[in-house]
Amino acid sequence: MEAKYLTILKELIANPSITRKGLESKLQLSKDQIKYAMRQINSELKENELPSVQRTRTGGFIIDESVAAFIQSDEEARKDPNLFYSEDERITILALLLFNESLDLSLEYFSYELKVSKNTILRDLSKLKKKLFVHKIKVVYSRTQGYSLSGKELFIRDFIKETLLYINKMSSGTQLLHKFSGLSQAERSAMEKKLKILEQQLEVRFTDEQFSQLPYFLLIVFNRITYGQRVNEKTSEEELDIYQLREVRLIEQTLGLEQYGRRETIYISLQILTSKIISAEFVNETITKRLRKALNRCVDNFEVKTSIELKEREQLLNSLMYHLTPAYYRIRYLINEKNDLYEKEFLENVIAQYDFLNSIIKDCFKPLEDLLEVPLPDIEIMYISLIFGSKILPQGKTDYPKMKTAIVICPKGVTYSQLMLSQLMAIFPEVYFYEPVSHRAFEKSHLKVDIIFSIGHFHPYDNCFVVQAAMTEEEKQQLRAQVFKKVFGEADRTTIVERIMGEIREYIPAAQTTRIQNSILEILGERLPLRKETRIRTANKIMGLYDFLSENRITIVDEVADYKEALQRAGQPLLTEGAVTEEYIQAVIDSHDFEDPYTILGQEVAIPHALPSEGVNKIGISLLIVRQGFRYSQSHSLKIVFMIAPIDKKQHNQAIIDILTIAESPEMIEKLTNTTEKHAILTLLKEIVN
């Protein structure tokens with residue numbers, strides 16, 4: 010099946026409730042293109058004796074599970090012996106062949122293997138050369154040696170990794186690797202056995218994705234070394250320290266790297282140690298102790314700076330350890346991690362939910378940078394923000410017994426799996442979720458669950474739902490409706506209520522919204538029993554920044570004499586209404602460190618606060634805007650101060666998250682500081698946090 014039709018079919022499998030118009034919008038295709046594609050898809054399904062794609066009355070699609078199994082099956086996907094390859098596949102095959110130093114590559118060889126003319130091969134080589142140019146690699150030709158790659162071996166190996174990542178996403182990827190990598194099944198099986206031994210010795214578990222790619226990468230590199238393509242033989246003192254690590258010596262012995270020399274042993278060991286893992290006990294005991302100690306200090310910094318108490322601190326630390334244990338080597342020794350297309354799509358779509366954390370994470374993670382002796386790369390800060398974001402944002406999980414159980418199967422590492430878990434828990438609060446696992450681990454566990462969510466790949470289990478790396482709100486609602494219909498055998502009451510409220514909200518007073526919503530739930534409950542936790546989740550609203558503020562709690566001034574006056578004026582509204590005592594405001598002033606303040610968020614916002622025991626009568630937040638700014642520390646001039654009066658470290662968490670969002674946006678800060686009316690500021694804050 011052509012790639013463009015396969016893309017459409019995969020989208021329908023992942024989201025069968027999508028409408029034709031939704032499909033047009035998402036894939037940027039016209040109505041006629043969709044219609045033609047559906048005819049071609051159904052024609053090919055019919056040829057393979059599979060049920061055709063049908064339409065529902067509501068405009069969605071019905072796809073039989075056998076179709077999903079068919080397109081994911083390696084044997085079925087490539088059973089035609091006379092298959093011709095697409096241009097994209099041909100270019101990838103040319104790269105695979107060029108990686109193999111043992112082959113004498115000519116136009117005749119390429120033409121025979123790819124079943125196309127020499128002119129087509131020359132066009133494909135031209136496109137491959139353009140792709141290689143950005144990697145500083147060339148395709149060269151000589152009469153004696155044929156076609157080969159020319160460039161620094163480190164660059165070529167980086168391109169090999171990137172190509173394997175790309176092939177992993179192709180529907181025909183497994184077949185292309187089997188046929189054109191030059192590696193036998195016996196070689197691959199032997200390498201997989203060695204990697205499993207390493208998993209036990211290092212007490213780690215590679216992700217499914219890494220486990221499928223590492224054998225090919227290592228064997229291709231071994232082939233290149235055998236034919237003289239080596240990395241620089243010079244070894245620095247830093248690398249000699251790496252060579253002494255227990256883990257490196259284990260890798261050297263298990264893979265038989267002694268024959269390749271110390272420099273290659275270090276290179277290969279670092280590729281394995283920096284691979285993504287789904288679980289780990291330790292890598293190096295000394296390093297692990299130092300890493301955990303540094304991360305504890307980083308988390309302490311976050312809690313102090315934001316006044317947020319992390320409920321699942323130990324779980325958060327474990328998540329950080331799982332991600333940063335392999336990342337330690339990657340960051341410490343400046344190994345470039347290539348992001349494949351899946352990760353780019355994921356980050357582009359999901360990072361927006363947590364980008365407000367990036368600045369504060371960078372500030373709080375100085376202890377980790379001190380340990381690594383290098384600054385944290387932006388991509389690592391993003392990953393850490395994802396881990397924190399999935400823990401601190403309200404996800405709607407309840408402690409009530411769940412009727413159904415679910416698990417997330419993830420081919421990626423802990424960052425992705427934990428974030429997807431938190432998103433799915435938010436979508437399905439009435440479902441109990443086990444911890445995410447790889448597909449290999451799930452197969453071995455024999456765990457019985459009611460629902461399986463698989464990220465990006467279909468697996469032939471009952472009630473298996475494919476979810477994408479990033480979902481829009483509409484897609485989340487469609488997934489919920491799909492699961493409820495198939496698993497629960499009933500309509501999703503929450504979605505029904507939300508649709509009703511969407512139609513009537515403009516006609517009812519805002520103060521009556523919750524009461525009317527609960528009344529509708531009670532009416533539906535006569536026909537569709539409503540679970541207790543759903544009602545509680547609807548009734549108990551999480552307090553955000555807008556809920557804490559009123560015109561009486563906002564102060565706008567042109568200037569202040571110093572930070573002490575700013576803190577006095579910021580706290581005055583809370584003092585006036587009795588939320589805090591004078592002692593509390595004095596405690597805030599006394600605790601402020603002008604040399605190194607810890608309450609600054611971003612560049613122009615501060616959240617000064619003291620302990621609840623120092624004079625808080627009730628929870629509160631007030632806002633001071635100093636239009637001309639004031640000196641808050643030796644190096645910071647601020648315009649916005651949110652004084653926090655906490656009664657614990659929980660109830661104001663969402664408000665802090667809202668303030669973080671403001672602190673990360675120069676546009677928001679400019680709008681707030683240029684607004685002169687208090688009611689206008691409240692309106693603006695409502696828009697911002699919503």
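If you're matching positions, the sequence shown starts at 10 in our numbering and goes up one per residue. Backbone N, C-alpha and C fix where the C-beta goes; we use that ideal spot for every residue, glycine too.
Collapsed DSSP secondary structure at residue i in the structure displayed
{"i": "Ile-461", "result": "strand"}
{"i": "Val-152", "result": "The displayed chain sequence assigns Arg, not Val, to residue 152. Looking at Arg-152 - three-state DSSP - the assignment turns out to be coil, as it is neither helix nor strand."}
{"i": "Leu-207", "result": "helix"}
{"i": "Leu-620", "result": "coil"}
{"i": "Lys-314", "result": "helix"}
{"i": "Gln-253", "result": "coil"}
{"i": "Thr-334", "result": "helix"}
{"i": "Lys-161", "result": "coil"}
{"i": "Leu-114", "result": "strand"}
{"i": "Val-308", "result": "helix"}
{"i": "Phe-437", "result": "coil"}
{"i": "Lys-35", "result": "helix"}
{"i": "Gly-638", "result": "strand"}
{"i": "Gln-660", "result": "coil"}
{"i": "Lys-695", "result": "helix"}
{"i": "Arg-299", "result": "helix"}
{"i": "Lys-124", "result": "coil"}
{"i": "Phe-70", "result": "strand"}
{"i": "Lys-320", "result": "coil"}
{"i": "Arg-508", "result": "helix"}
{"i": "Lys-541", "result": "Because Lys-541 carries a pLDDT of 36, less than 50, the predicted location of this residue cannot be relied on, and no value is offered for it."}
{"i": "Gln-432", "result": "helix"}
Reference residue i; option with closest CA among the options
{"i": "Glu-171", "options": "Tyr-225, Met-677, Ala-619, Ser-198", "result": "Tyr-225"}
{"i": "Ile-176", "options": "Gln-210, Leu-223, Lys-136", "result": "Leu-223"}
{"i": "Lys-202", "options": "Phe-142, Gly-182, Thr-263, Val-125", "result": "Thr-263"}
{"i": "Glu-696", "options": "Leu-304, Phe-108, Leu-554, Ala-195", "result": "Leu-554"}
{"i": "Ser-95", "options": "Ser-181, Val-440, Ser-159", "result": "Ser-181"}
{"i": "Lys-30", "options": "Gly-629, Glu-444, Gly-68", "result": "Gly-68"}
{"i": "Ala-664", "options": "Cys-419, Val-566, Leu-558", "result": "Leu-558"}
{"i": "Ile-678", "options": "His-661, Gly-638, Ile-100", "result": "Gly-638"}
{"i": "Val-392", "options": "Ser-328, Phe-442, Thr-295", "result": "Reading the sequence as shown, one finds Tyr at residue 392 and not Val. It is Ser-328."}
{"i": "Val-635", "options": "Tyr-572, Val-566, Ile-616", "result": "Val-566"}
{"i": "Lys-19", "options": "Thr-274, Ser-39, Ser-75, Ile-251", "result": "Ser-75"}
{"i": "Phe-4", "options": "Leu-15, Leu-158, Tyr-150", "result": "Shown here, the chain extends from 10 to 699; a query on residue 4 therefore has no answer."}
{"i": "Ala-77", "options": "Ser-463, Val-446, Ser-368", "result": "Ser-463"}
{"i": "Ser-221", "options": "Arg-449, His-618, Glu-592", "result": "Arg-449"}
{"i": "Leu-395", "options": "Ile-369, Glu-382, Ile-418, Val-417", "result": "Ile-369"}
{"i": "Ser-642", "options": "Phe-189, Ile-653, Phe-603", "result": "Phe-603"}
{"i": "Ser-622", "options": "Asp-657, His-601, Leu-633", "result": "Asp-657"}
N-terminal and C-terminal residue of the beta strand (DSSP E) that residue i is part of
{"i": "Tyr-441", "result": "440-442"}
{"i": "Ser-646", "result": "646-654"}
{"i": "Lys-413", "result": "413-418"}
Residue i beta carbon near the ligand MN (any heavy atom closer than 7 Å)
{"i": "Leu-433", "result": "For the structure depicted, the ligand MN is absent and the ligand set is empty, with no information on it obtainable."}
Enclosing alpha helix (DSSP H) for residue i [first to last residue]
{"i": "Thr-101", "result": "96-108"}
{"i": "Arg-48", "result": "40-56"}
{"i": "Phe-374", "result": "That residue, Phe-374, is in no alpha helix (DSSP H); it is neither H nor E in DSSP."}
{"i": "Val-492", "result": "482-492"}
{"i": "Val-476", "result": "Careful: Val-476 lies outside any alpha helix (DSSP H), inside the beta strand (DSSP E) at 473-476."}
{"i": "Arg-271", "result": "271-282"}
{"i": "Phe-226", "result": "217-235"}
{"i": "Phe-5", "result": "Lying before the first or after the last residue shown, residue 5 is absent from the chain, which here runs from 10 to 699."}
{"i": "Leu-186", "result": "182-189"}
{"i": "Ile-678", "result": "675-682"}
{"i": "Ala-450", "result": "448-454"}
Unbroken stretches of the beta strand (DSSP E), 3 residues or longer, contained in the region 544-632:
Runs of the beta strand (DSSP E) inside the region 544-632: 563-566.
Is the region 681-696 touching the region 573-582, taking contact as three or more C-beta pairs under 8 Å?
Short answer: they don't touch.
Evaluate the contact criterion for the region 666-680 versus the region 582-598: three or more CB pairs, one atom per stretch, below 8 Å.
Touching, no, given that fewer than three Cβ pairs across the two stretches are closer than 8 Å.
Do three or more CB pairs link the region 605-618 to the region 583-590 at distances below 8 Å?
Between the region 605-618 and the region 583-590 there are fewer than three inter-stretch CB-CB distances shorter than 8 Å, so the stretches are not counted as touching.
Between the region 21-29 and the region 484-491, are three or more C-beta pairs nearer than 8 Å?
Segments in contact, yes.
contact_flag[the region 228-238, the region 157-167] where n(CB pairs < 8 Å) is 3 or more:
Contact between the region 228-238 and the region 157-167 is present, with at least three C-beta pairs closer than 8 Å.
Three or more C-beta pairs below 8 Å linking the region 104-116 and the region 149-157
Counting Cβ pairs under 8 Å, three or more are found: they touch.
Touch test, the region 295-311 against the region 366-382, Cβ-Cβ under 8 Å, three pairs minimum
With the cut-off at 8 Å, the region 295-311 and the region 366-382 touch.
Please confirm if the region 97-106 is in contact with the region 52-65, defined as three or more CB-CB distances below 8 Å between the two stretches.
Counting C-beta pairs with one atom in each stretch, the region 97-106 and the region 52-65 have fewer than three that are closer than 8 Å, which means they do not touch.
Check whether the region 429-443 and the region 414-421 are in contact - that is, three or more C-beta pairs closer than 8 Å.
Segment contact: the region 429-443 against the region 414-421, three or more CB-CB distances shorter than 8 Å; contact assigned.
Segment contact, 8 Å Cβ cut-off, at least three pairs: the region 649-656 with the region 624-633:
The region 649-656, when compared against the region 624-633, does touch it at the 8 Å Cβ threshold.
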